[in-house]
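Q: Protein sequences, first through last, are from chains A and B.
Residue 1 is where the first sequence starts when you use this note's numbering, and the numbers rise one by one after that.
Residue 1 is where the second sequence starts when you use this note's numbering, and the numbers rise one by one after that.
Each residue gets a CB set at the ideal place from its N, CA and C atoms; glycine is no exception.
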Amino acid sequence: MKATTAIIEAENIKRIYKRGAEEIAAIDGLSLTVNRGDFTAFVGPSGSGKTTLLNLLGCLDNPSAGKLVVNGRTVHENGRGLSESQLTRIRRELFGYIFQKFYLIPTLTVLENVLVPFTFFRKEGAGQDVRQLLKKLGLEGRMNHLPAELSGGEMQRVAIARALVNRPEVLLADEPTGNLDSERSLEIGQVLKKLNEEEGLTVLLVTHNIELARTARVIIGLKDGKRSQAR
Amino acid sequence: MKVKNSQKISLFHIAWKNLARKKTRSLLTVVGIALATWVLISLFGFNSGYKNSLDRDIDNLGFQMLVVAKGCPYEAATLMLKGGTGLKYMNEDVVRLIVREPEVESVTPMLMQVVFDPNKGQSGGLTAFLGVDPASFPRLKPGLSFKQGGWFTDPAALEVVMGYEAAELEQREVGDLYLIPEKNIELKVVGVLGRSGTQDDGTIFLPLQTLQKIFGQEGQLTSVGIKVSKEANLAEFEEKMFKLPDVQVVSLTQVKTTIMTLVSTARILVFSIALIAILISIMGVINTVLMSVMERQKEIGILKAMGALAGDVFRLVWLETSLLCLMGGVLGAALALGTSRLTEYLIRKLLPFAPSGGLISIGATLILTAIGAVVLLGLLSGIYPAFRAARMRPLEAIRSEEE
Ligand SMILES: Nc1ncnc2c1ncn2[C@@H]1O[C@H](COP(=O)(O)OP(=O)(O)OP(=O)(O)O)[C@@H](O)[C@H]1O
Ligand SMILES: [Mg+2]
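1) Just the Cα atoms here: how many angstroms apart are residue 350 of chain B and residue 199 of chain B?
2) Closer than 7 Å by C-beta to residue 201 of chain A: which residues in its own chain qualify, once you throw out the five before and the five after it? Chain order, please.
3) Taking 7 Å as the limit between beta carbons, can you name the residues of its chain near residue 160 of chain A, skipping five residues before and five after?
4) In terms of residue numbering, what span does the alpha helix (DSSP H) encompassing residue 89 of chain A cover?
5) Please tell me whether, using a cut-off of 8 Å, the distance from the CB of residue 50 of chain A to the nearest non-hydrogen atom of ligand 1 is below it.
6) Quick one: which residues of the stretch 16-30 of chain B get their C-beta closer than 9 Å to a C-beta of chain A? List them in chain order.
7) Threshold first: 4 residues or longer. Then list the alpha helix (DSSP H) segments lying entirely within the stretch 158-211 of chain A, N to C.
8) Does residue 415 of chain B come within less than 9 Å of chain A when only Cβ atoms are used?
9) Does chain A have any CB closer than 9 Å to the CB of residue 294 of chain B?
10) Could you tell me which residues DSSP puts in a beta bridge with residue 76 of chain A?
11) Report yes if the C-beta distance between residue 100 of chain A and residue 179 of chain A is below 9 Å; otherwise report no.
12) If you count every other CB in all the chains shown that lies within 10 Å of the CB of residue 77 of chain B, and 16 or more means buried, which is it?
13) Span of the beta strand (DSSP E) holding residue 127 of chain B?
14) Let me check you understand the geometry: is the CB of residue 313 of chain B closer than 8 Å to at least one non-hydrogen atom of ligand 2?
15) Would the beta-carbon of residue 218 of chain A fall within 9 Å of that of residue 173 of chain A?
16) If the criterion is Cβ atoms closer than 9 Å, does the pair residue 42 of chain B and residue 339 of chain B meet it?
17) Can you name the residues of chain A whose CB is closer than 9 Å to the CB of residue 404 of chain B?
18) Taking only three categories from DSSP, how would you classify residue 240 of chain B?
19) How about residue 206 of chain A: is its C-beta nearer than 9 Å to some C-beta of chain B?
20) At a cut-off of 8 Å, is residue 208 of chain A close to ligand 1 when judged by its beta-carbon and the heavy atoms of the ligand?
21) Under the three-state reduction of DSSP, which class applies to residue 220 of chain B: helix, strand or coil?
22) Out of B:173, B:196 and B:117, point me to the one whose CA is closest to residue 182 of chain B's CA.
23) Only counting the same chain, and skipping five residues up and downstream in sequence, which positions put a Cβ closer than 7 Å to that of residue 126 of chain A?
24) To the nearest angstrom, how far is it from the Cα of residue 313 of chain B to the Cα of residue 389 of chain B?
25) Would a C-beta distance cut-off of 9 Å place residue 216 of chain A and residue 203 of chain A closer than the cut-off?
26) Would residue 91 of chain B pass as a contact of residue 208 of chain B if the rule is Cβ separation under 9 Å?
27) In its own chain, which residues sit with a C-beta less than 8 Å from the C-beta of residue 394 of chain B, not counting the 5 before and 5 after it?
28) Is there a Cβ from chain B that is less than 9 Å from the Cβ of residue 198 of chain A?
29) In the DSSP assignment, what residue or residues form a beta bridge with residue 28 of chain A?
30) Is residue 124 of chain A near ligand 4, with its Cβ less than 8 Å from a heavy atom?
31) By the 10 Å Cβ neighbour count, where 16 or more other Cβ atoms means buried, how is residue 117 of chain A classified, buried or exposed?
32) With hydrogens ignored, establish whether the beta-carbon of residue 396 of chain B is closer than 8 Å to any heavy atom of ligand 2.
33) Just the C-alpha distance for residue 14 of chain B and residue 108 of chain A, rounded to the nearest angstrom, thanks.
34) Runs of 4 residues minimum, wholly inside the stretch 296-328 of chain B: which ones carry the alpha helix (DSSP H) assignment?
35) Cβ of residue 234 of chain A less than 9 Å from any chain B Cβ?
36) Between which two residues does the alpha helix (DSSP H) containing residue 112 of chain A stretch?
Below is the structure:
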């Protein structure tokens with residue numbers, strides 16, 4: 001388990017949506033390797049397939065074709081994939097997710113929201129450092145506040161903490177700053193960068209915001225479900 | 001500064017906080033269930049309370065059967081339980097015929113007379129006199145207790161025993177004299193009964209022969225109380241009694257059945273209402289929970305992405321439903337207890353005949369059963385919304401109704 005080994009390997013994957021008789025290839029034959037410790041940003045115009053790709057890499061969705069290997073395990077090959085419960089197991093061991101919206105439970109405090117995942121699943125050894133995690137995310141003074149008392153940036157940081165309590169190896173972030181102003185967006189970018197550098201967390205980020213994308217170490221451009229040139 | 005490894009929030013806590021998100025909606029649902037539970041408990045409480053009181057009234061009569069002169073049996077029932085009017089007479093000889101039967105343990109002849117007393121109340125009122133046999137009547141009415149004095153012993157004595165209310169109304173005590181209206185005969189009060197809650201309270205008891213003489217009804221009776229031995233075949237005995245001329249037999253179980261039939265007709269109606277109330281409140285529960293599940297689709301998707309399995313989500317939603325029902329059940333039970341007096345008052349006004357004792361009896365068993373039933377119904381109604389939530393796939397839930 002060295003820091004440089006591949007954690008996600010996608011080979012010529014496709015994701016085809018059927019809309020009536022029409023078939024749309026949202027991801028159209030894309031190959032990609034994500035190594036442990038990567039910080040990669042995906043950019044591209046609306047509809048270019050960024051969300052679709054992130055969902056495939058994060059095992060939230062199944063490819064229509066191609067091969068996908070996650071953590072050494074073949075998740076999909078030539079139209080055959082793992083069952084939903086097998087995917088759930090991979091997801092909870094490996095991935096944390098954040099989205100444009102935060103989906104915090106408004107009647108639970110910050111600390112309680114962050115602890116929710118443990119009600120359903122606790123990875124071995126997880127949960128020892130929840131306070132440290134909150135501190136790292138700049139939330140130490142906010143633990144007993146309700147979400148409504150927080151700023152948007154703080155709410156997203158709570159969502160990040162919640163995604164990280166079970167110590168995932170990969171954090172998938174789809175437009176995490178879509179609801180935030182540019183200053184707050186960059187703040188979140190710095191948080192992700194710090195987690196990547198200090199904890200070795202693998203981060204996959206989808207964003208429209210070029211400035212935010214620049215906090216990543218690698219930027220991959222998408223267009224019509226394929227890679228455009230890397231910048 | 002380390003958080004303990006055991007630090008975790010329970011499913012219960014999450015469920016509870018989820019309900020707190022839409023307080024008004026949750027509260028309305030709880031109130032709906034509470035009202036249904038309230039109706040349910042009050043009705044069942046009434047059912048058992050009413051039956052108990054009626055049983056007690058009938059047991060206090062002391063004898064299981066009454067032979068009266070021919071007339072309508074309904075009137076006979078009313079006569080017995082309410083103290084009667086429209087009296088018909090039969091000859092004393094009938095007693096000898098009855099005693100012949102082997103099933104009879106003891107009999108007591110009675111003569112009832114009702115007199116209009118112009119001095120009673122503001123516009124006059126009825127006073128009931130019951131001539132009883134001092135040798136047999138006290139034994140057949142062990143339920144009667146004395147506030148003062150005791151029974152007369154001489155069958156022709158000029159003495160009376162007054163029911164509790166009769167004594168109060170006339171303001172008589174033991175040793176006082178009592179004058180029968182318009183008869184100009186003075187009788188001595190030898191006993192005052194304690195309150196029994198039956199028509200005996202308003203009755204004035206005289207030795208049978210004395211009453212017969214005063215009213216010119218020598219040799220006449222209005223009724224004969226019969227205590228049948230426990231081993232006797234009641235149906236067979238009733239058959240035999242029916243063969244006696246010009247009399248009819250009223251068995252108290254029959255009276256009870258008549259009244260219970262009357263009441264049960266009303267009860268079926270009210271039970272249907274309770275059933276409808278419960279169905280409506282369950283639809284309310286399903287609606288509330290389903291709505292909250294739909295609103296939280298994305299959140300449920302996130303829970304699943306965080307590692308919650310279908311069963312976890314099912315349990316969470318199910319728990320929310322049960323909590324709503326449990327709260328509604330407890331509130332409804334409290335309401336039923338708190339308003340039982342009011343309910344009793346209302347029912348008493350509605351019923352054709354109400355026994356004297358408590359009409360509503362709400363016991364611990366009834367309350368626990370009702371709450372249990374409501375929670376069970378809640379669990380049943382929670383299945384569908386919980387299933388809907390559990391079935392959602394994380395991506396679909398997260399992507400749903402994208403704005
Ligand atoms: N569930 C779906 N059913 C049908 N078509 C879909 C579905 N999801 C996405 N698509 C289509 O696939 C293409 C890629 O969509 P995707 O959401 O991945 O784009 P995106 O790059 O994330 O866009 P944006 O920047 O607007 O979020 C689009 O043409 C979209 O309409
Ligand atoms: Mg997108």
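A: Reading off the structure:
1) Mapped onto the second sequence, residue 350 of chain B falls at position 350. Mapped onto the second sequence, residue 199 of chain B falls at position 199. Each residue's alpha carbon lies about 20 Å from the other.
2) Along the first sequence, one-based indexing puts residue 201 of chain A at 201. For residue 201 of chain A, where only same-chain residues beyond five positions count, the Cβ hits under 7 Å are 171 and 195.
3) Translated into the one-based positions of the first sequence, residue 160 of chain A becomes position 160. When the five nearest sequence neighbours on each side are left out, the beta carbons in the same chain lying within less than 7 Å of the beta carbon of residue 160 of chain A are those of 98, 137 and 191, in order along the chain.
4) Position 89 of the first sequence, counting from 1, holds the residue named residue 89 of chain A. In the DSSP assignment, residue 89 of chain A falls within the alpha helix (DSSP H) that extends over 84-94.
5) Counted from its first residue, the first sequence places residue 50 of chain A at position 50. For residue 50 of chain A, the CB falls within less than 8 Å of some heavy atom of ligand 1.
6) Under the 9 Å Cβ criterion, the stretch 16-30 of chain B contributes 16, 17, 18, 19, 20 and 21.
7) Counting only runs of 4+ residues, the alpha helix (DSSP H) found wholly inside the stretch 158-211 of chain A occupies 182-199, in chain order.
8) Any answer about residue 415 of chain B is impossible in this case: the structure gives chain B only from 1 up to 403.
9) Here residue 294 of chain B refers to the residue found at position 294 of the second sequence. For residue 294 of chain B, the answer is no, since every Cβ of chain A falls outside 9 Å of its Cβ.
10) Mapped onto the first sequence, residue 76 of chain A falls at position 76. According to DSSP, residue pairing for residue 76 of chain A in a beta bridge involves A:68 and A:81.
11) Along the first sequence, one-based indexing puts residue 100 of chain A at 100. Along the first sequence, one-based indexing puts residue 179 of chain A at 179. The Cβ atoms of residue 100 of chain A and residue 179 of chain A sit closer than 9 Å to each other.
12) If you number the second sequence from 1, residue 77 of chain B lands on position 77. Any answer about residue 77 of chain B is weak, because its pLDDT of 42 lies below 50 and its placement is not dependable; what the coordinates show is given next. In summary, residue 77 of chain B is buried, with 16 or more beta-carbon neighbours lying within 10 Å of its beta-carbon over all protein chains present.
13) Working through the second sequence from its first residue, we reach residue 127 of chain B at position 127. Residue 127 of chain B -> beta strand (DSSP E) spans 125-132.
14) Taking the second sequence and counting its residues from 1, the one referred to as residue 313 of chain B is at position 313. No, Cβ of residue 313 of chain B sits at least 8 Å from all heavy atoms of ligand 2.
15) Start at 1 with the first residue of the first sequence, and residue 218 of chain A comes out as number 218. Start at 1 with the first residue of the first sequence, and residue 173 of chain A comes out as number 173. Residue 218 of chain A places its beta carbon 9 Å or farther from that of residue 173 of chain A.
16) The residue labelled residue 42 of chain B in the question sits at position 42 within the second sequence. The residue labelled residue 339 of chain B in the question sits at position 339 within the second sequence. Yes, these two residues count as a Cβ contact at 9 Å.
17) Any answer about residue 404 of chain B is impossible in this case: the structure gives chain B only from 1 up to 403.
18) Sequence index remark: in the second sequence, residue 240 of chain B carries index 240 (1-based). In this structure, residue 240 of chain B counts as helix in the three-state DSSP scheme.
19) As a position in the first sequence, residue 206 of chain A is number 206, starting the count at 1. With a threshold of 9 Å between beta carbons, residue 206 of chain A makes no contact with chain B.
20) What you label residue 208 of chain A is simply residue 208 of the first sequence in a count that begins at 1. Remark: the shortest separation between the CB of residue 208 of chain A and any heavy atom of ligand 1 falls under 8 Å.
21) Working through the second sequence from its first residue, we reach residue 220 of chain B at position 220. The three-state secondary structure of residue 220 of chain B, taken from DSSP, is strand.
22) Residue numbering aside, residue 182 of chain B sits at position 182 when the second sequence is read from its first letter. Cα-wise, what sits closest to residue 182 of chain B is B:117.
23) Walking along the first sequence from the start, residue 126 of chain A turns up at place 126. Around residue 126 of chain A: 165, 166 and 167.
24) Counting from one through the second sequence, the residue named residue 313 of chain B turns up at place 313. Counting from one through the second sequence, the residue named residue 389 of chain B turns up at place 389. If you draw a straight line from the Cα of residue 313 of chain B to the Cα of residue 389 of chain B, it comes to about 7 Å.
25) Translated into positions along the first sequence, residue 216 of chain A becomes position 216. Translated into positions along the first sequence, residue 203 of chain A becomes position 203. At a Cβ-Cβ threshold of 9 Å, residue 216 of chain A and residue 203 of chain A count as neighbours.
26) In the second sequence, the residue the question calls residue 91 of chain B occupies position 91. In the second sequence, the residue the question calls residue 208 of chain B occupies position 208. Not closer than 9 Å, so no.
27) Here the question's residue 394 of chain B lines up with position 394 in the second sequence. Same-chain partners within the cutoff: 301, 302, 304 and 305.
28) As a first step, residue 198 of chain A is located in the first sequence; it is residue number 198 there, counting from the start. Among the CB atoms of chain B, none fall inside 9 Å of the CB of residue 198 of chain A.
29) Position 28 of the first sequence holds residue 28 of chain A. Residue 28 of chain A pairs with A:14.
30) In terms of ligand content, the structure shown lacks ligand 4 and carries ligand 1 and ligand 2 instead.
31) On the first sequence, residue 117 of chain A is found 117 positions in, with the first residue counted as 1. Residue environment analysis places residue 117 of chain A among the buried positions, since at least 16 neighbouring C-beta atoms fall within 10 angstroms of its C-beta.
32) By 1-based counting over the second sequence, the position of residue 396 of chain B is 396. No, the Cβ of residue 396 of chain B stays beyond 8 Å of every heavy atom of ligand 2.
33) Locating residue 14 of chain B in the second sequence gives position 14, where the first residue counts as 1. Locating residue 108 of chain A in the first sequence gives position 108, where the first residue counts as 1. Taking the CA atoms as reference points, residue 14 of chain B sits about 8 Å from residue 108 of chain A.
34) As far as the stretch 296-328 of chain B is concerned, its whole alpha helix (DSSP H) runs of at least 4 residues are 297-305.
35) In the structure as shown, chain A starts at 1 and stops at 231, and residue 234 of chain A therefore has no counterpart that could be examined.
36) Residue mapping note: residue 112 of chain A aligns to position 112 of the first sequence, counting from 1. Counting along the chain, the unbroken alpha helix (DSSP H) around residue 112 of chain A starts and ends at 110-120.
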